[in-house]
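Reviewing the structure listed below.
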Amino acid sequence: MKLKTHRTLILALLLLSCSREQLGLKSAYLQEYKLKKYETGKIIKTFTYAKDRNVIKIEKISGIKKASADKLISDGLMEIRLIYADGLSPYPGEISNKIVTDPKMKPVFKEIYSDNLYYSYVLLYTNERFGLGVKSLKSASYKSIQGYIYSESSQLLYKVSLFTPLEKTFEEMEETFLSLKCD
Numbered sequence: 024m025k026l027k028t029h030r031t032l033i034l035a036l037l038l039l040s041c042s043r044e045q046l047g048l049k050s051a052y053l054q055e056y057k058l059k060k061y062e063t064g065k066i067i068k069t070f071t072y073a074k075d076r077n078v079i080k081i082e083k084i085s086g087i088k089k090a091s092a093d094k095l096i097s098d099g100l101m102e103i104r105l106i107y108a109d110g111l112s113p114y115p116g117e118i119s120n121k122i123v124t125d126p127k128m129k130p131v132f133k134e135i136y137s138d139n140l141y142y143s144y145v146l147l148y149t150n151e152r153f154g155l156g157v158k159s160l161k162s163a164s165y166k167s168i169q170g171y172i173y174s175e176s177s178q179l180l181y182k183v184s185l186f187t188p189l190e191k192t193f194e195e196m197e198e199t200f201l202s203l204k205c206d
């Protein structure tokens, strides 16, 4: 019992020490969220924030040159394109020979350059476990932005996953995402 209490205290102190300064992003919207989880690896630091049913997961990669950042962004966006690509049904028959994404559910890809930052992101729907690949509205539980923010001057790349309930508009979500600026 004492060991569990000790681990809980250490985790709480770790979360408190992981301030927004370590993240290196600022946003009025982010101030409303609470840090729920922090993980650090050799290269990537992951911050997970939550507010009600809204979740923002941010992966930070420091010291990354533009060519490497471009490659990571391109690969990440290609993965999303492949998830939503029409394909042959594994069991073709009379009902359907293809698996097709409902046109209303197709992801929307966007790019913006603003304040020396490059934003590349996708508007899409996810399931209740935040999984991509939702192809019909009845399977959707959340709206999501899967995006990247790159600062060449700081050599920082952020991979941002933003999840909100279906009631929110994509415009509101974009406002939140585009408000994220490097310190």
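All residue numbers for the sequence shown refer to this note's numbering, where the first residue is 24 and numbers rise by one.
Even for Gly, the Cβ is constructed at its ideal location relative to N, Cα and C.
Note that the structure is a prediction, hence the values are computed from the model and not measured.
For residue i, three-class secondary structure by DSSP
i, result
"Lys83", "strand"
"Ile66", "coil"
"Tyr107", "helix"
Beta carbon of residue i nearer than 9 Å to that of residue j
i, j, result
"Val145", "Lys158", "no"
"Ala92", "Tyr142", "no"
"Leu160", "Asp125", "yes"
"Lys204", "Leu48", "yes"
"Thr69", "Tyr61", "yes"
"Ile135", "Leu201", "yes"
"Arg76", "Thr187", "yes"
Rounded distance between the beta-carbons of residue j and residue i, thought under 8 Å
i, j, result
"Leu46", "Ile81", "7 Å"
"Leu53", "Leu180", "The Cβ separation is near 17 Å, so there is no contact."
"Ser85", "Asn139", "That belief does not hold up - the Cβ atoms of Ser85 and Asn139 are roughly 17 Å apart, past 8 Å."
"Gln178", "Ile87", "6 Å"
Pick from the options that is closest to residue i, judged by C-alpha positions
i, options, result
"Tyr15", "Ser184, Lys191 and Ile66", "In this structure the chain extends from 24 to 206, so residue 15 is not present and cannot be described."
"Leu100", "Ser50, Glu62, Ile168 and Lys83", "Ile168"
"Leu189", "Lys83, Lys65, Met128 and Ala51", "Met128"
"Glu194", "Ser177, Leu155, Phe153 and Val131", "Val131"
"Glu151", "Val78, Ser137 and Ser177", "Val78"
"Leu147", "Lys74, Asp98, Glu197 and Ser50", "Glu197"
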